[in-house]
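Each residue of the sequence shown is one higher than the one before, starting from 1 at the first, in UniProt numbering.
Here a beta-carbon is modelled for each residue, glycine too, at the ideal position from N, C-alpha and C.
Below: one structure, written as C-alpha cells.
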Amino acid sequence: MPDSSRDSAAGAGWRSQQPGSYRELMPKDVPRVFWLNPATLWRARNGPLASLFGDPTGTDRQRWVRAQLDRGADPDLLIRRDDPASYSFLLIADTGEGDDPQYAVVPGMLKAAGDTRFALLSSDVLYPVGSANEYGPKFFRPYRDYDAPIYPVPGNHDWYDGLTGFMRVFCRAPQLPESPRPAPLSRGWWRSLLWKSPDTPDDALLDRARLMRSAPSQAAELPGPYWAMDTGPLRIIGIDTGLLGDIDQQQGEWLRRVSRGPRPKILVTGSPIYVDGEHHPCAIGGGGTVDDVVRDPANNFVAAIGGDIHNYQHYPVDVDGRRIEYVVTGGGGAFMHATHIIPRVAVGGVVEEDFRCYPMRGDSLAFYSRLYARRLRMRRLFELTPEQASAVIAHRLGVTPVRPTEAPVTLRTRFVAGALGVARSPHHKARLRLPVRKTYTKVLSPGSATFNPPFFKSFLRLDVSPGSVRVRCFAATGMREQELDPPVEDEFTITLPPDPA
Numbered sequence: 001m002p003d004s005s006r007d008s009a010a011g012a013g014w015r016s017q018q019p020g021s022y023r024e025l026m027p028k029d030v031p032r033v034f035w036l037n038p039a040t041l042w043r044a045r046n047g048p049l050a051s052l053f054g055d056p057t058g059t060d061r062q063r064w065v066r067a068q069l070d071r072g073a074d075p076d077l078l079i080r081r082d083d084p085a086s087y088s089f090l091l092i093a094d095t096g097e098g099d100d101p102q103y104a105v106v107p108g109m110l111k112a113a114g115d116t117r118f119a120l121l122s123s124d125v126l127y128p129v130g131s132a133n134e135y136g137p138k139f140f141r142p143y144r145d146y147d148a149p150i151y152p153v154p155g156n157h158d159w160y161d162g163l164t165g166f167m168r169v170f171c172r173a174p175q176l177p178e179s180p181r182p183a184p185l186s187r188g189w190w191r192s193l194l195w196k197s198p199d200t201p202d203d204a205l206l207d208r209a210r211l212m213r214s215a216p217s218q219a220a221e222l223p224g225p226y227w228a229m230d231t232g233p234l235r236i237i238g239i240d241t242g243l244l245g246d247i248d249q250q251q252g253e254w255l256r257r258v259s260r261g262p263r264p265k266i267l268v269t270g271s272p273i274y275v276d277g278e279h280h281p282c283a284i285g286g287g288g289t290v291d292d293v294v295r296d297p298a299n300n301f302v303a304a305i306g307g308d309i310h311n312y313q314h315y316p317v318d319v320d321g322r323r324i325e326y327v328v329t330g331g332g333g334a335f336m337h338a339t340h341i342i343p344r345v346a347v348g349g350v351v352e353e354d355f356r357c358y359p360m361r362g363d364s365l366a367f368y369s370r371l372y373a374r375r376l377r378m379r380r381l382f383e384l385t386p387e388q389a390s391a392v393i394a395h396r397l398g399v400t401p402v403r404p405t406e407a408p409v410t411l412r413t414r415f416v417a418g419a420l421g422v423a424r425s426p427h428h429k430a431r432l433r434l435p436v437r438k439t440y441t442k443v444l445s446p447g448s449a450t451f452n453p454p455f456f457k458s459f460l461r462l463d464v465s466p467g468s469v470r471v472r473c474f475a476a477t478g479m480r481e482q483e484l485d486p487p488v489e490d491e492f493t494i495t496l497p498p499d500p501a
C-alpha cells in the first residue's frame, strides 16, 4: 500500500518527485481558465444574476423534462442496468477545466478503474459555462480511455449555458425554444437584460468529439437532467440542484416518489448536504428539504454524495440509530477549495475525530501559503512548509497533527494562518482576509488555480456487494509516484440492510 498524505509529506506529493505522464494526454496549447479574468467572470454571470433577480432554473428544468418525456423518456426517468449483485463503479466530480489538474486525475483513475462497470460524474461537467462546443477537450478527450459509460448530474456551471450543452451531449436533446419575455420592469425583465444566452451547439464539432468515446461499451444516454438508476442491489438517485443549490417542486415530487421502498439508495447531488462543518439540507420548492427525504427511514438511504466544493470531506452521521455517510467529492479536476478554513468539526453529531478531509488542513494551508507567497512576492513572510502549516493548524484548532511534526508555532506562522483564514481558536471562525474559497458571487475562484503539482485532486471507487459498499477515496497529486499507484486517503464500508425479499 503506497504512502498517503496521512503517512508522509512525500505521500502528499510535497517532496521532490518526478511529475506524472498526464501532460502526454493533453492537447497542445491548452486554453486555461483564469477565474480572475473579467472575460471569464462575464461569461459566468448568470449565477450572480439569478441571486439578485430570481432564479429561472426551476422553470427551465421543467421545460427540459417535459420535452424529454414527450420524446419518450421513462416516466420516472429511470435507468435500468443489468449489473450483478457484486460490481464496482467510479465517482468523480467538478472536472472540466480542461487543463493540468483535470488531466492529472486521469492516469490514476484509469489505474484504479480496473473492472468498474460505469462512472458517475457529480456536478460541473464543464467550466466555466458548460458550452457544448467545449466538450471535446474537457470531457471526451480526458476520459476517452475509460471503457465504460459515464452518467453525470449537472452542477451550477452547467446551468450557466441554460443546460443546453449538457442536454445535447448526454440526452441528445435539441435546444429549447426561447422562453416568453418577462413583463416589463419585473425582476425577470431586469435579469433578461444581462442574461447570457446559451451558445449554439456546433453539431459537426460535437460529432467529431464524440468519436473519442464512441465504443458501444462507453455508450450512455440520460433520460433527463435528473434520474434514478437501478444497479445491482442499489438504487442511485441523481438530482439537479441548478444554479443556486435547490430543487423545484416538480423534481421534489419525483424525488419523493423514486425514493420510496426498502431498496438501499445512494443520493448523488451537485450540492453537498454536509460541507465545511455546516449542514445545508437543500430546499425543495413548495416545502421540505432533500435531507428530509434522505433521513426518512422508509426510504433507506445509506449515503449522500455531492460535488460543487473542490475537495474531499466525509461526515458519518447517526440518524436515529442508522448511519448515513455524507460525502463531498469535488476533487475531479477544477481548482482546489481550501480545507484549512474548516473549523473544528462538531455538526450533526459528527466530531473532529470522526471527520476526514483531503487535502488535510495542513497541506491545504501550505498550498495556499506558497501560492500567495509567489503572487505577493513575499516568500520569506508567507511561505510555510507542510510541517509548519500542520503545527499551526493543530495549535489553532486544538487537534493532534495527523503527520507528527516538531515545527514550532511562531508569530509569523500564526500571522500567515490568520491571514489565510484559519480560526484563532477551536471555537472561533476566522474572517477570511484573503480570497481562499468563494466571494459572495459564488462564481469566483479563490485564485488557487495552479498548473504545477501537487494538485490534491481525488476520485472515489465504490465496490458493491449484496451486504456492503466499500468506498475508497484515491488521491491524484500529478506526481508520477501517485500516478502509478494511487494512494487511498479515506476508506469506509457501508453496511446494506438485508433484502426483504
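Counting other Cβ atoms within 10 Å of its Cβ, E406 stays below 16 and is therefore classed as exposed. In the three-state scheme derived from DSSP, where H, G and I count as helix and E and B as strand, G285 is classed as coil. T231 and P128 have their alpha carbons spaced roughly 32 Å apart. CA-to-CA, the gap between S122 and T95 works out to about 9 Å.
Here the alpha carbon of T116 sits roughly 8 Å from the alpha carbon of A148.
By the C-beta density criterion, R356 is buried, having at least 16 other C-beta atoms within 10 angstroms. For T477, the three-state secondary structure derived from DSSP is coil. The secondary-structure analysis by DSSP pairs R66 with nothing; it has no beta-bridge partner. Residue pairing for S122: DSSP places it in a beta bridge opposite V153. Inclusion of I266 and A303 in the CB contact set at 7 Å is warranted, their separation being smaller than that value.
By the CB criterion at 7 Å, P223 and A73 fall inside the cutoff. Contact check for D463 against S88 passes: the beta carbons are separated by less than 7 Å. Close CB contacts of A283 within its chain, under the 7 Å cut and outside five residues either way in sequence, are with D246 and T289 (chain order). Positions of the beta strand (DSSP E) runs, each at least 3 residues long and wholly inside the stretch 163-189, cannot be given because no such run exists. Three or more Cβ pairs closer than 8 Å define a contact, and the stretch 37-47 falls short of that threshold against the stretch 342-362. Scanning T450, M109, R323 and A366 for the CA closest to the CA of T493 turns up R323. The residue from Y368, N311 and W254 with its alpha-carbon nearest to that of G418 is Y368. Between R461 and E491, the C-beta gap is not smaller than 7 Å, which leaves the two residues out of contact. The Cβ atoms of G270 and T241 lie closer than 7 Å to each other.
Within the DSSP secondary-structure output, P454 pairs in no beta bridge.
If only uninterrupted alpha helix (DSSP H) runs of at least 4 residues are considered, those enclosed by the stretch 30-115 are 38-43, 46-53, 57-70 and 100-113.
G418 sits in a helix when the DSSP states are folded into three classes. Note that the C-beta distance between V293 and V317 is not below 7 Å.
Here A303 carries a strand assignment [DSSP, helix/strand/coil]. Burial check for E483: the Cβ neighbour count within 10 Å reaches 16 or more, so the residue is buried. Listed as beta-bridge partners of V268 by DSSP are G238 and I305. Looking at the backbone, the Cα of A215 and that of R144 are separated by about 9 Å. Annotation: T413 to V319 spans about 39 Å, alpha carbon to alpha carbon. Comparing alpha carbon positions, the residue from P497, P486, L496 and F382 closest to A10 is P486.
As the crow flies, the alpha-carbon of D55 is around 18 Å from that of D308.
Ranked by how close their Cα comes to the Cα of A104, the residues R213, G20 and G47 have G20 in first place. Exclusion of the five residues before and after S217 leaves D147 and A148 as the residues of its chain whose Cβ lies within less than 7 Å of its Cβ.
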